[in-house]
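First comes the structure, then the notes that go with it.
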Amino acid sequence: MTDDHQVLVTYAAPPAFLASASWKQIQYSLLDQLPLRNIHWKSVAHSSLKTIQELSFTLVQLESVRDELASQIPATLLEKPLLNIYVVTCDDMDIEAYRHVHKRQIKDWLNIVTARKHQEWLLLHLVKPDARAPGGKLFQLKGSVLEKMKGDFNTDKRDRCLQLTWAPGSEGNAATWGELLNKIKDGIVHAFDCAISQREEEVKRSESQRQMPGWNFCTFFILKESLSNSFEGMNLFEEALQHYNELEQLFAHVLKEKNLSWFGSLITPEPTDDSSALLSMRRKPYRDLILANSISVFDLRIYLLARRCELLSKLCRITEAAREIFTFLLDFSKQLRLVETSLPKFFIESWIYSSALNAVEQCDEWSSTYKLEESPTCFAAKGELLELAQNQLNVIGVRVNHLPPVAPFKPNSARQDIQSKSQDQISNTDIQQAIENKEFFFDLYIRITNRAIEMYAKAKRRKFALRLHESLAALDVHRGHFTSALGTYSSLPAHYAPHMWSSLESFSLSRALDIHDGLQKEKNVEWIHILLAFLKTFVECPETDFLLHKGDRLEYISRLVSTLNGVASELETAHPDHPAISIKTTNEARLAETMDGYYLDATIYNRLPCTVPIDGISAYASGRDPEAITFSANVCEVVPGKSTVTLFCPAARSGTYILDSCHINLARLKLYWSCKNKVCKVGRHVQSKTTLIYVPADTLALDVQLREPDRIRVGSSPSLLVNVSTGRNDISEITLRLSATGVHFQYSDATTVEGLLLISFTMVIQIFRMILVGEAPPQVIDGGVTYSNLQSNTLTVLKLPYTENSAFHVLKVLVDLSYTTTSEPDTVRSLHTTRVVNTSLPISVNVQDYFREKSLFSKFTVSTATHQHVRIASVRLEAPESASDLKITSASISCGLMTVRPSQPLHFLFRLDSDNGSVREPLVLVVQFRMLREEVEDIIANTVVNVLKEAESVPGNHDSVNMIDQLIAALEKDANWVELYELTGELIVPGGNNKEEDKALQKVKKVLATRKHPSEPEGSWREMRIPVDIPQMEIIASTCISLKTDPDKPGLYAGQPVPACVSIHTSFHWGSNQDEDPQYRLRFDVEESIKDWLISGRKRGDFVAKDGETQEIPLTLIALHHGELALPKVVVTALPVTTETSMGRQIIPSTDTNQVHGAQKVLVLPRGGKTTFVVGMGAG
24 MTDDHQVLVT
34 YAAPPAFLAS
44 ASWKQIQYSL
54 LDQLPLRNIH
64 WKSVAHSSLK
74 TIQELSFTLV
84 QLESVRDELA
94 SQIPATLLEK
104 PLLNIYVVTC
114 DDMDIEAYRH
124 VHKRQIKDWL
134 NIVTARKHQE
144 WLLLHLVKPD
154 ARAPGGKLFQ
164 LKGSVLEKMK
174 GDFNTDKRDR
184 CLQLTWAPGS
194 EGNAATWGEL
204 LNKIKDGIVH
214 AFDCAISQRE
224 EEVKRSESQR
234 QMPGWNFCTF
244 FILKESLSNS
254 FEGMNLFEEA
264 LQHYNELEQL
274 FAHVLKEKNL
284 SWFGSLITPE
294 PTDDSSALLS
304 MRRKPYRDLI
314 LANSISVFDL
324 RIYLLARRCE
334 LLSKLCRITE
344 AAREIFTFLL
354 DFSKQLRLVE
364 TSLPKFFIES
374 WIYSSALNAV
384 EQCDEWSSTY
394 KLEESPTCFA
404 AKGELLELAQ
414 NQLNVIGVRV
424 NHLPPVAPFK
434 PNSARQDIQS
444 KSQDQISNTD
454 IQQAIENKEF
464 FFDLYIRITN
474 RAIEMYAKAK
484 RRKFALRLHE
494 SLAALDVHRG
504 HFTSALGTYS
514 SLPAHYAPHM
524 WSSLESFSLS
534 RALDIHDGLQ
544 KEKNVEWIHI
554 LLAFLKTFVE
564 CPETDFLLHK
574 GDRLEYISRL
584 VSTLNGVASE
594 LETAHPDHPA
604 ISIKTTNEAR
614 LAETMDGYYL
624 DATIYNRLPC
634 TVPIDGISAY
644 ASGRDPEAIT
654 FSANVCEVVP
664 GKSTVTLFCP
674 AARSGTYILD
684 SCHINLARLK
694 LYWSCKNKVC
704 KVGRHVQSKT
714 TLIYVPADTL
724 ALDVQLREPD
734 RIRVGSSPSL
744 LVNVSTGRND
754 ISEITLRLSA
764 TGVHFQYSDA
774 TTVEGLLLIS
784 FTMVIQIFRM
794 ILVGEAPPQV
804 IDGGVTYSNL
814 QSNTLTVLKL
824 PYTENSAFHV
834 LKVLVDLSYT
844 TTSEPDTVRS
854 LHTTRVVNTS
864 LPISVNVQDY
874 FREKSLFSKF
884 TVSTATHQHV
894 RIASVRLEAP
904 ESASDLKITS
914 ASISCGLMTV
924 RPSQPLHFLF
934 RLDSDNGSVR
944 EPLVLVVQFR
954 MLREEVEDII
964 ANTVVNVLKE
974 AESVPGNHDS
984 VNMIDQLIAA
994 LEKDANWVEL
1004 YELTGELIVP
1014 GGNNKEEDKA
1024 LQKVKKVLAT
1034 RKHPSEPEGS
1044 WREMRIPVDI
1054 PQMEIIASTC
1064 ISLKTDPDKP
1074 GLYAGQPVPA
1084 CVSIHTSFHW
1094 GSNQDEDPQY
1104 RLRFDVEESI
1114 KDWLISGRKR
1124 GDFVAKDGET
1134 QEIPLTLIAL
1144 HHGELALPKV
1154 VVTALPVTTE
1164 TSMGRQIIPS
1174 TDTNQVHGAQ
1184 KVLVLPRGGK
1194 TTFVVGMGAG
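With our numbering, letter number 998 in the sequence shown gets 1021, and the count goes up by one each step, no holes.
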């Protein structure tokens, strides 16, 4: 902002004072307080309050300002002072001097300043600190000079008088200047408000006369611009910019009305117009041209743009200024095209080029001047200006044949060349030299383009920067720098792809392919990926305008695909998710029926316009780990559009699979598409789409099952039963390998199981009546076994021992099976699946022993270890052959089949009698059981087979299997049938009879509902053999308390002392020292029950016990209350002894005490009393 637009403040004082050094010091000190801060201004037209952060003013002497010096053309309201200050210099108490001298001077000064409109005034009284009037005196008759001044000159409500206490050295004190600065602020604001209000009224009055004859736009422009200049001088830049915006709108309206009588022509080109600084105010005398009504539209528009951009820079809105310039250059260049024939050749391009570069330099200067940190949007705006300059080089280059007339140098909308009639030349030396020198043109082009790329990179506008990189690559092609161009075109698509810029990506890839062919480079893996990327963009954006080959696209694409096939036969690579081809499968596989395997239908979509030669199609699906299946087909080509193919999987396990990926082999090139967790958009929501494939069960296919053996001996090495069913197949060879974490399978110890088949396969055996039992032993190979020459419908059972380190009760076994059939010897079928074997026992057994002198009572409690019911056929305890003298008697009464429920265990009691004492070899507890589920499944399978026989159907077809599954599923949904079945054997299938059900199924349900339990257990049962060790007890003490009552007295009364005898009989029959005659020191202790008995005598003592001897201890018992009382217990414990085998250590022999009187109770009667009284009757 120039000094002409700054606020003016005048000062006046007596000449002698103004010539003094004191005034100079005061003046400099006052100027040091500038700028004024936080000035609040409220416009009359607007209710919002504005705050001027800083404002400086120019302090001049009143005599230097004359009205005739002010311009008659209203450039700004700040040409005249807004505030006038008069300095009064006298003592505060010198009233006489004020009256006779200073008051007259003030009046003369006021006559001058009040005659001027819209100017404020201020009286400043300077006093020394020691000359101030003393305040607070009650009877002070004279007032101070300040008070006299206020009374004489404050005629309105405004206080324009103030006092400044001044002394040398007080210039830095903020309190000294505070009141004066506030008065100056108020005066400036008040005067400015009055002046601006009048000028706004004048502008409104002039604008309202716009339709009247004689109205002149240029005169109105100068008048309204004075408002903007005034606001700018007050640092109210927003208000100043608003008025320029209104002028811009009014000018656009005038142009629309085509009323150009106030202007010159559209443009009157001068020699340097194309290269002059666009935003320079010294470019031309714009104000004089406006006043003369001779300014051209070209110059007026530039002047408006320069003033608006200058105000935007002061508002720190440099980005907006840059965009205003960019828009102006684009819009006004269209108007200049209308008169292009009258302009020098390349004038418009040179003007845009020079203006864009000048604008970028000006933005940098503003950022440096106002110390602004440029934002990404600012960099983007400058990048757009630089790209605009580059576009002018494109136009010039094409017209002078420096560049080819193709994209990206010449867009599709490029206009035709227009011949200029002007003989003048442009003044931009760079453009002139670029036209004459091709290499200079290329250097200038690269330099400007790189500057634009740098700006776009700082602004993080990747697309714009990449587009310019593509221009440089095209320039390299034109100049013959093919290697550099190939590198650029090959790298650009990687940046285009994430932003879905398919057209740009297609163009770059197409050029890369053409350059690659032009260089005759060897086609490698990189070329394959470039071609595949191009085909991707081709199908995603087939109608792109950037595709260079406008001829026969079918022939072009066919040639590329044919070349790809030849290159792929020599190079091996893979490419994911290519959109040119897509594969969609159905959700359900079909049985092959006549052989093991499944068919799966797939639809192939070829979006290319030509046939694609391939070698095969595969689809991979996964189930539960590690189950995976592969469907494949040998297909030689994929035709354009939609086609259908049937895939085949030679072996699979039934279940639901997730489609993982689809593959197409094109020679050694593998195209694959990931199908798992595929993202698709449904409306506004993004969902993960997964393709599920249901594989039905094939009951006639080869199968492998694992389970525990039916005969389990607890404590022995574990083993598994591996059951291989050949189904419909005549097998040439089977290779079987099992693996599990922490488990080692001992294939060398494997044996073939002969005889009856196991319960797990009872259902299968009954359905396939012609099944054979294979007894041929397998051959052991490295990590597995192999079978050879197995007939169809053969079941081979292998018992495979293993060792494990795992503490888990579930064994997860990975089954790896491969086999070939005699009908298809060239097809190797593989089955990779998981089998889970529950190694935990379904029942648990606890034992509790009760010792007597010659007998041992063992109580076995059988409970289920799961939530399922377990059926028990029998429980028996077997003695070893060496224990011939041991007699085992079962105390349980057999009542047929029994059921162990989760909440109801079963108890079995056995009595062991031994003449020779303890048995060292363990006994064996044999439990025959089966799960209730297995029993019911067996019954259902038998019933279905019998009903189908009667109906002359073929058991073993899929309908019979579905019938069994349907019945089992119905039982699983409702458990109310369990209780009735366990009691009666009737199996009521929930759901009732549906009229739509098959008759055979209805008959099966009827047969199941009327069946009864057989008298003897039928079917196959599991057997668990548990070793049971007979514990050794060194001492068996039988204690008994006997009361010695008088037979003549009928009962025992409370409180009555009763003699008693404690007898302790000791036996060493169940001890370990059968061949010796041991002696032990024992201690007895009669437990005292203070609520029932009072015991007197030897309640505790030690004695030496021998085998078969009895110790007796007398006691006296006193019942404390009547009722049935249990006798006290006697506890016998062994004392530590030292034996030869204890190596000097003391050990305590094991002891078991039997309370012989434990079940006895004594009836104690209440104590009754009888008293005799002798009463004297007197004499006589």
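Backbone N, C-alpha and C define an ideal beta-carbon position, used for all residues, glycine too.
- The alpha helix (DSSP H) runs lying completely inside the segment 179-236 and spanning 4 residues or more are 197-231, given in chain order.
- Sequence-distant partners of HIS492 (beyond 5 residues in either direction) whose C-beta falls short of 8 Å from its own C-beta, in its chain, are ILE476, THR511 and LEU515.
- Using a Cβ distance threshold of 7 Å, ARG1123 and LEU1158 do not count as a contacting pair.
- Secondary-structure assignment with DSSP links ASP624 through a beta bridge to THR669.
- At a Cβ-Cβ threshold of 7 Å, TRP1044 and SER941 do not count as neighbours.
- In its chain, beyond the 5 residues on either side, SER983, MET986, ILE987 and VAL1027 have a beta carbon closer than 7 Å to the beta carbon of VAL967.
- Using a Cβ distance threshold of 7 Å, TYR842 and ILE735 do not count as a contacting pair.
- If you draw a 10 Å sphere on the C-beta of GLY806, you find fewer than 16 other C-beta atoms in it, and that means exposed.
- Look at LEU489 here: in three-state DSSP terms it is helix.
- Counting only the Cα atoms, VAL718 lies some 6 Å from GLU611.
- In the structure shown, ALA496 falls within a helical segment according to DSSP collapsed to helix, strand and coil.
- Here the alpha carbons of ARG956 and LEU729 stand approximately 18 Å from one another.
- Leaving aside the five residues that flank VAL898 on each side, the residues in its chain whose CB is nearer than 6 Å to its CB run, in chain order, PHE931 and VAL950.
- Here LEU515 carries a helix assignment [DSSP, helix/strand/coil].
- Around the beta-carbon of TYR267, 16 or more other beta-carbon atoms lie within 10 Å, marking it buried.
- Inter-segment contact for the segment 651-662 and the segment 627-643 is present: three or more beta-carbon pairs are separated by less than 8 Å.
- Here the alpha carbon of GLN442 sits roughly 51 Å from the alpha carbon of LEU101.
- Around the beta carbon of LEU834, a 10 Å sphere encloses 16 or more other beta carbons of the protein chains shown; the residue is thus reported as buried.
- When the alpha-carbon of LEU1143 is set against those of ALA1128, VAL1185, VAL1001 and ASP1175, the nearest one is in VAL1185.
- Inside the segment 1087-1135, DSSP marks whole beta strand (DSSP E) runs of 3 or more residues at positions 1103-1109, 1116-1120 and 1123-1128, from first to last along the chain.
- Between PRO1054 and TYR1103, the C-beta spacing is not below 7 Å.
- 7 Å or more divides the Cβ of PRO97 from the Cβ of LEU31.
- Around the CB of GLN456, fewer than 16 other CB atoms lie within 10 Å, so the residue is classed as exposed.
- Burial check for LEU361: the Cβ neighbour count within 10 Å stays below 16, so the residue is exposed.
- Separation of the CB atoms of LEU498 and LEU416 is rounded to 10 Å, and the pair is thereby denied contact status at 8 Å.
- When DSSP states are grouped into helix, strand and coil, TRP144 belongs to the strand group.
- In this structure GLN358 is not in contact with LEU302, their Cβ atoms being roughly 19 Å apart against a cut-off of 8 Å.
- Per the DSSP secondary-structure output, HIS767 pairs in a beta bridge with THR826.
- By the Cβ test, the segment 271-281 is in contact with the segment 320-331, since at least three Cβ pairs between them sit closer than 8 Å.
- Here ALA1060 is buried. Its C-beta has 16 or more other C-beta atoms within 10 Å.
- Straight across, the Cα-Cα distance linking GLY420 with SER373 is about 12 Å.
- For TRP238, the secondary structure class from DSSP, reduced to helix, strand or coil, is coil.
- DSSP places CYS1063 within a strand segment (E or B) once states are collapsed to three.
- Under DSSP, THR400 takes part in no beta bridge, so it has no partner.
- Distances from the alpha-carbon of ASN460 to those of GLN446, ARG485, LEU426 and LYS444 put LEU426 closest.
- Linking LYS140 to PRO294 through their CA atoms gives a straight-line distance of about 46 Å.
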